Amino acid sequence: QLRYQEMCRIVGDVVFAMVAEGHETKRVAIADVIRTELAKGLDKWDIDQIQVMELAVKLLEE
Numbered sequence: 000q001l002r003y004q005e006m007c008r009i010v011g012d013v014v015f016a017m018v019a020e021g022h023e024t025k026r027v028a029i030a031d032v033i034r035t036e037l038a039k040g041l042d043k044w045d046i047d048q049i050q051v052m053e054l055a056v057k058l059l060e061e
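Have a look at this one:
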């Protein structure tokens, strides 16, 4: 349950940031933004955050 809530928070943060920048918020675009953040790896994110972001990308691409 906590992972699901964290995943929703991350996706929501990405969507709001994209809207603020004037970008489209299609599923593929949201997944791309999260994937870009994932590329920063453990320098920026802890392992739990990485796993949640990976799950978000997987679900967005289904």
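My numbering puts the sequence shown at residues 0 to 61. The beta-carbon is built from N, C-alpha and C at its ideal position, and this holds for glycine as well. Predicted model, so just to flag it, every value in this text is computed and none were measured.
| task | Can you have a look at Leu58 and say buried or exposed, based on whether 16 or more other CB atoms are within 10 angstroms of its CB? | result | exposed
| Hey, would you say the C-beta of Ala55 is under 6 Å away from at least one heavy atom of the ligand ATP? | The model depicted lacks the ligand ATP and carries no ligand whatsoever.
| message | Classify Ala16: buried if its beta carbon has 16 or more other beta carbons within 10 angstroms, exposed otherwise. | response | exposed
| query | Do Val14 and Arg34 have their C-beta atoms closer together than 7 Å? | reply | no
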